[in-house]
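Heads up: the structure comes next, in structure tokens.
In the numbering used here, the protein residues as written are 99 to 652.
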């Protein structure tokens, strides 16, 4: 949660710019160019400070990104930042100017007769109490409106991502009904806020009218009419009546400022998120060619995605030898992808993960993650050109990029579409899923790391692309350690060993042929593919095992 210091700092920066501009205008009647931009400059500085804290924190908190829906994050980046950029500065400037003008009217009215200070003080107290009562409801309604807006963004984001599926299953009406439900809930909260603001305005009108009546009748009830000059009486009445609109607008704007500061509060909630300590290092720096072999050791590893969450890996202890090809299987929620998260230190870890005799917990995150390659199930491409997607940091020459494209059979596709300057749409929308996976594979070939992980990389590609990926991995990563989270068992039946995960633990770990003979969890997974496929998988495993026996690997 944001501290009072944060909000005070922002308010003070805004107020200093607005009040200095107002006072200078009052004194000189004009303003120089430098002073004219004082308020926008202050607003820009505050905005930059907020966005910097906000963006950096959100970007470096993995467990936050996987725990919160995209619509909630999008709501903070769009609506709340929009309010800070557009609504809050104007409301604060207007409130400051009109409050000062309001006190000017008060001074003029009281100058006629000091007795008017009594109803003025009473009126100010009543105004303040009305404002406090209004803000008690307005702030909660504002929070409610923000909370009901997030599901709308989440639904829209999910709809855009799943348009092809929605159309394929004729689910347009279902999606519309769900959107209407979210939008109706948000509209109800928004309408409640509008009506609350209108009620507050009506209350201010009545209070201002009461004040004008008190001023007018005071000249009739307070004796000695000779003590009052006609001009003074007219001035006091005129100023009190003009104050009606002034007070209503000024108080409403001051309440709007307090209400819009909730956007600052919501943004600063994310600015206070704990971030990964990516530069921390407690041990000596590894050699430049580390890891040179690709040996992986997990020693009593426990992992959870948040401190209060139950562990997803429980006492995992195993060793993966250099250049070994290991398949990772298990039912949904068994901890397959969590093992990859542990190697990348994406969550809260207990125990030790050792890579080539170096404890990865002692290394800076950036150094660790740059030495491990991964091809995810959902390939990640950046908006830009093909060169930037293959080599984001500009570390390789063109002939190396072309060689990597040739290895994954994308050289002709790139040559026909602009070469390395070929335009890549947002999220790689102008490529098929298989082509995006091949680009990620080319990126891994360029890096040449000794440890490669595939997180169900071939789950959503056609058999031809699957075969190409498997063939390329066998040839280009023959001297690397490869961990494959498998969706289709046929992709890992020729692995050196298969790790069977169950409830966050290593239930079985051996050659697939030996696991089939044990008739355990892996055997049941093979049998679930069907009788014919199970026989085929068992045959592949047996032949691979016999070849290894013949070659002396076992």
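C-beta atoms are modelled at their ideal positions from N, C-alpha and C, and glycine is treated no differently.
Which of helix, strand or coil DSSP assigns to residue i
| i | result |
| --- | --- |
| residue 637 | helix |
| residue 423 | strand |
| residue 389 | coil |
| residue 347 | helix |
| residue 398 | strand |
| residue 200 | helix |
| residue 406 | coil |
| residue 554 | coil |
| residue 353 | helix |
| residue 189 | helix |
| residue 274 | helix |
| residue 624 | helix |
| residue 681 | This structure cannot speak to residue 681, because the chain is shown only from 99 to 652. |
| residue 412 | strand |
| residue 457 | strand |
| residue 583 | strand |
| residue 546 | coil |
| residue 127 | In this prediction, residue 127 scores a pLDDT of 37, lower than 50, which makes its location untrustworthy; the coordinate-derived value is nonetheless stated afterwards. Of the three classes helix, strand and coil, the one that applies to residue 127 here is coil, per DSSP. |
| residue 449 | strand |
| residue 230 | helix |
| residue 704 | Any answer about residue 704 is impossible in this case: the structure gives the chain only from 99 up to 652. |
| residue 122 | Note that residue 122 scores a pLDDT of 32, beneath 50, so its modelled location is shaky; the value from the coordinates is reported in the next line. Here residue 122 sits in helix by DSSP. |
| residue 132 | Because residue 132 sits at a pLDDT of 44, beneath the cut-off of 50, its placement in the model cannot be relied upon, and the following sentence gives the value as read from the coordinates. Residue 132 falls in the helix class under three-state DSSP. |
| residue 441 | helix |
Beta-carbon proximity of residue i to residue j, cut-off 8 Å
| i | j | result |
| --- | --- | --- |
| residue 638 | residue 592 | yes |
| residue 247 | residue 284 | yes |
| residue 627 | residue 420 | no |
| residue 545 | residue 477 | no |
| residue 94 | residue 362 | Lying before the first or after the last residue shown, residue 94 is absent from the chain, which here runs from 99 to 652. |
| residue 353 | residue 236 | yes |
| residue 392 | residue 646 | no |
| residue 197 | residue 348 | yes |
| residue 581 | residue 612 | no |
| residue 189 | residue 358 | yes |
| residue 636 | residue 619 | no |
| residue 432 | residue 560 | no |
| residue 564 | residue 472 | no |
| residue 355 | residue 228 | no |
| residue 539 | residue 589 | no |
| residue 215 | residue 287 | no |
| residue 451 | residue 416 | no |
| residue 507 | residue 566 | yes |
| residue 305 | residue 221 | yes |
| residue 268 | residue 168 | no |
| residue 312 | residue 335 | no |
For residue j and residue i, believed in contact at Cβ under 8 Å, the rounded distance
| i | j | result |
| --- | --- | --- |
| residue 310 | residue 339 | 5 Å |
| residue 574 | residue 505 | 6 Å |
| residue 170 | residue 252 | 7 Å |
| residue 467 | residue 442 | 6 Å |
| residue 243 | residue 291 | 6 Å |
| residue 405 | residue 446 | 6 Å |
| residue 537 | residue 461 | 28 Å between Cβ atoms; not a contact. |
| residue 449 | residue 399 | 4 Å |
| residue 469 | residue 372 | Actually they do not touch by this definition, with Cβ atoms about 25 Å apart. |
| residue 178 | residue 364 | 5 Å |
| residue 264 | residue 273 | 6 Å |
| residue 624 | residue 587 | 6 Å |
For this session: Just list the beta strand (DSSP E) runs in the stretch 466-494, keeping only unbroken ones of 3 residues or longer that don't cross its boundaries, in chain order.
Result: If one requires a minimum length of 3 residues, the beta strand (DSSP E) runs lying completely within the stretch 466-494 are 471-473, in chain order.
Exercise. Would you call the stretch 450-459 and the stretch 516-526 touching, i.e. three or more CB-CB distances under 8 Å?
Worked result: Taking 8 Å as the limit for Cβ pairs, the verdict is that the stretch 516-526 does not touch the stretch 450-459.
For this session: For the stretch 594-605 and the stretch 425-437, state whether three or more C-beta atom pairs, one from each stretch, are separated by less than 8 Å.
Result: They touch, by the three-pair rule.
Exercise. Do the stretch 501-519 and the stretch 471-489 meet, that is, are 3 or more Cβ pairs less than 8 Å apart?
Worked result: The count of Cβ pairs closer than 8 Å, one atom from the stretch 501-519 and one from the stretch 471-489, reaches three, so the stretches are in contact.
For this session: Spell out a yes or no on whether the stretch 430-442 and the stretch 397-411 are touching, meaning 3 or more CB-CB pairs, one atom from each, closer than 8 Å.
Result: Result yes; three or more Cβ-Cβ pairs closer than 8 Å.
Exercise. Which runs of the beta strand (DSSP E) spanning at least 3 residues fall entirely within the stretch 585-620, listed in chain order?
Worked result: Segments of the beta strand (DSSP E) lying fully in the stretch 585-620: 595-600, 603-608.
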